[in-house]
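A.B. asks:
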Ligand code: ADP
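Residue numbers (our numbering): 276 to 448.
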């Protein structure tokens, strides 16, 4: 395995050194709130025009567009599960990370940054989501050759702390 995995606190729209950022999308691939709103605001109207015809998407699915006015070449849009509604939540959430990484691999993308999918408006408890996300990343990296860097970008201080704890556990650090 020669893929680095890092955690950082920050904003997903300002990851200038990253080839592809991941959007915590809605089914219609519309701007909306949270991560999706921030990404569409930073990317400009061209992103919506390119993304919407690829929708609607199902929970766990990932599709790719250009980055438009973002500092990144690509945006990979993943629809996370709505907690308590889309089941089984853990498998659907893991599919988001796996499908996004596979898409990046197929497009020969070298670096990718994820937000914490489903833990905002979709209500997935943070600790459980962090475990699912990091476990999905751990098992996916074996199949990655082109992707050299995976970054989780956590918005809040607590989010970062929770991911740090789970990282130690899952990667046996
Ligand atoms: P979902 O609908 O999948 O739950 P949200 O966009 O509501 O997605 O939130 C997902 C997570 O991303 C939340 O923890 C939220 O605090 C965080 N978040 C919101 N805006 C940003 C941003 N600009 N960069 C990184 N993370 C963000």
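Ideal Cβ placement from N, Cα and C applies to all residues, glycine included.
Does the Cβ of residue 286 lie closer than 8 Å to at least one heavy atom of the ligand NAP?
C.D. replies: Inclusion of the ligand NAP in the displayed structure is not the case, the ligand content consisting of the ligand ADP alone.
A.B. asks: For residue 446 and residue 296, I'd like the C-alpha separation in whole angstroms.
C.D. replies: Approximately 23 Å, taken between the alpha carbons.
A.B. asks: Using 8 Å for Cβ pairs, my map puts residue 339 next to residue 313. What's the rounded Cβ distance?
C.D. replies: That belief does not hold up - the Cβ atoms of residue 339 and residue 313 are roughly 18 Å apart, past 8 Å.
A.B. asks: Within 10 Å of its beta-carbon, does residue 346 have 16 or more other beta-carbons around it, so buried, or fewer, so exposed?
C.D. replies: Counting Cβ neighbours within 10 Å, residue 346 comes out exposed, since fewer than 16 surround it.
A.B. asks: Ignoring anything shorter than 3 residues, give me the beta strand (DSSP E) runs that lie fully in the segment 340 to 412, in order along the chain.
C.D. replies: As far as the segment 340 to 412 is concerned, its whole beta strand (DSSP E) runs of at least 3 residues are 349 to 354 and 386 to 389.
A.B. asks: Could you spell out the range, first to last residue, of the alpha helix (DSSP H) harbouring residue 297?
C.D. replies: From DSSP, residue 297 is part of no alpha helix (DSSP H) but of the beta strand (DSSP E) over 295 to 300.
A.B. asks: Can you find a heavy atom of the ligand ADP that lies under 8 Å from the Cβ of residue 310?
C.D. replies: Checking the Cβ of residue 310 against the ligand ADP gives yes.
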